[in-house]
Amino acid sequence: MSHSVVQKPAIIIRRNVTRVAVAAVTRRVTVAAPARSVTAHEQVARTVVTHRGPPGRNGVDGETTPVEIVSHETIVAGQAIRVRTTTGKGSPAQANAISTADVFGFATNSVDADNTIVVTRDRVTVEDWTDIAGTEFLTPGQLYFLSTSVAGGIQTTPPTTAGHVVCALGEAVSPTTLAVQVGIPILL
Numbered sequence: 004m005s006h007s008v009v010q011k012p013a014i015i016i017r018r019n020v021t022r023v024a025v026a027a028v029t030r031r032v033t034v035a036a037p038a039r040s041v042t043a044h045e046q047v048a049r050t051v052v053t054h055r056g057p058p059g060r061n062g063v064d065g066e067t068t069p070v071e072i073v074s075h076e077t078i079v080a081g082q083a084i085r086v087r088t089t090t091g092k093g094s095p096a097q098a099n100a101i102s103t104a105d106v107f108g109f110a111t112n113s114v115d116a117d118n119t120i121v122v123t124r125d126r127v128t129v130e131d132w133t134d135i136a137g138t139e140f141l142t143p144g145q146l147y148f149l150s151t152s153v154a155g156g157i158q159t160t161p162p163t164t165a166g167h168v169v170c171a172l173g174e175a176v177s178p179t180t181l182a183v184q185v186g187i188p189i190l191l
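Under the working numbering, the letters of the sequence shown match residues 4 to 191, in that order.
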């Protein structure tokens, strides 16, 4: 048996903090000879962002705290954003593969690559949803899912094709506002 040291992601969660934290911890992995290659999952340092405000009336959590993340590419306000595991930067999420469907939240501003985007997990308001949803306005009461065809986009029907990912994103509460409730991505 040989021993190798692998960097494993660590999750840092602190309540009422508005910064992004990236950390890696060292753990010992025992592998039989010959040594296996380490999977990408074991090598990745995850960016973890902290979240909810203090409890409000009746013990309900407060609004989420928007988080600033550096963009990997051009981002449009209203796009569903994922955090890239290789760089910790924000990119548009898409439901065409499990690796791109892990939605962190929604961009509240538009920026070019390597600029700061503000990401929310509460409510996102966009005056014209055409580039993101395919229509100018959302349908109040309608559930929205991550799009399989538009990076960062949303759609009203869940994907049904094998290899795509179902990820519920929230419900429209007005023609311009989506109440964000990101679900767990499910690979079909």
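Ideal Cβ positions, reconstructed from N, Cα and C, are used throughout, including at glycine.
T103 (DSSP reduced to helix, strand or coil):
Residue 103 sits at position 100 when you count from the first residue of the sequence shown. DSSP places T103 in helix when its eight states are reduced to three.
Could you give the first and the last residue of the continuous beta strand (DSSP E) run that contains T180?
The count along the sequence shown starts at 1 and reaches residue 180 at position 177. Per DSSP, T180 belongs to the beta strand (DSSP E) from T180 to V183.
Our contact map puts I78 next to S113 with C-beta atoms below 8 Å; I'd like the distance itself, whole angstroms only.
Your numbering for residue 78 matches position 75 in the sequence shown. Your numbering for residue 113 matches position 110 in the sequence shown. Yes, I78 and S113 are in contact; Cβ-Cβ is about 6 Å, under 8 Å.
Run of the beta strand (DSSP E) containing A175, from where it starts to where it stops
Position 172 of the sequence shown, counted from the first residue, corresponds to residue 175. Segment A171 to A175, the beta strand (DSSP E) holding A175.
Using the rule of at least 16 other Cβ atoms within 10 Å of the residue's Cβ for burial, across every protein chain shown, is I194 buried or exposed?
The chain is shown only over 4 to 191; residue 194 falls outside these bounds and no answer can be derived.
Roughly how many whole angstroms lie between the Cα atoms of P178 and A171?
What you label residue 178 is simply residue 175 of the sequence shown in a count that begins at 1. What you label residue 171 is simply residue 168 of the sequence shown in a count that begins at 1. In a straight line, the C-alpha of P178 is about 18 Å away from that of A171.
Considering only residues of the same chain and omitting the five flanking positions on each side of I189, which have a CB-CB separation below 6 Å?
Locating residue 189 in the sequence shown gives position 186, counting from the first residue. Around I189: V169.
Measuring only from the beta carbon, is V176 closer than 6 Å to any heavy atom that is part of the ligand FMN?
In terms of ligand content, the structure shown is empty, and the ligand FMN therefore cannot be addressed.
Within a Cβ cutoff of 7 Å, which residues of the same chain sit near S150, ignoring the five residues on either side of it in sequence?
Along the sequence shown, one-based indexing puts residue 150 at 147. Taken in chain order, the residues that qualify are Q97, A98, G156, I157 and Q158.
Whole beta strand (DSSP E) elements within the region 101 to 168, 3-residue minimum:
106 to 110, 119 to 123, 126 to 128 and 146 to 149
Alpha-carbon to alpha-carbon, F107 and T160:
Counting from one through the sequence shown, the residue named residue 160 turns up at place 157. Counting from one through the sequence shown, the residue named residue 107 turns up at place 104. Rounded to whole angstroms, T160 to F107 spans 20 Å at the Cα level.
Measure the alpha-carbon distance for D117 versus T89 and round it to whole angstroms.
Against the sequence shown, residue 117 aligns to sequence position 114. Against the sequence shown, residue 89 aligns to sequence position 86. Cα to Cα, D117 sits roughly 15 Å from T89.
Between the alpha carbons of G93 and V176, how many angstroms are there, rounded?
Translated into the one-based positions of the sequence shown, residue 93 becomes position 90. Translated into the one-based positions of the sequence shown, residue 176 becomes position 173. The alpha-carbon atoms of G93 and V176 are separated by roughly 26 Å.
Grouping DSSP H, G and I as helix and E and B as strand, with all else coil, what is E71?
Indexing the sequence shown from 1 puts residue 71 at position 68. Of the three classes helix, strand and coil, the one that applies to E71 here is strand, per DSSP.
Is S74 buried or exposed, if buried means 16 or more other CB atoms sit within 10 Å of its CB?
As a position in the sequence shown, residue 74 is number 71, starting the count at 1. Label assigned to S74: buried.
Could you round the C-beta distance between T111 and A154 to whole angstroms and report it? I think they count as a contact, below 8 Å.
On the sequence shown, residue 111 is found 108 positions in, with the first residue counted as 1. On the sequence shown, residue 154 is found 151 positions in, with the first residue counted as 1. Not a contact, Cβ separation roughly 17 Å.
DSSP state of T84 mapped onto helix, strand, coil:
Taking the first residue of the sequence shown as 1, we reach residue 84 at position 81. The sequence as given places Ile at residue 84; Thr does not occur at that position. Of the three classes helix, strand and coil, the one that applies to I84 here is strand, per DSSP.
Own chain, CB closer than 7 Å to E130, minus 5 neighbours either side, in chain order
As a first step, residue 130 is located in the sequence shown; it is residue number 127 there, counting from the start. Here the set comprises T179.
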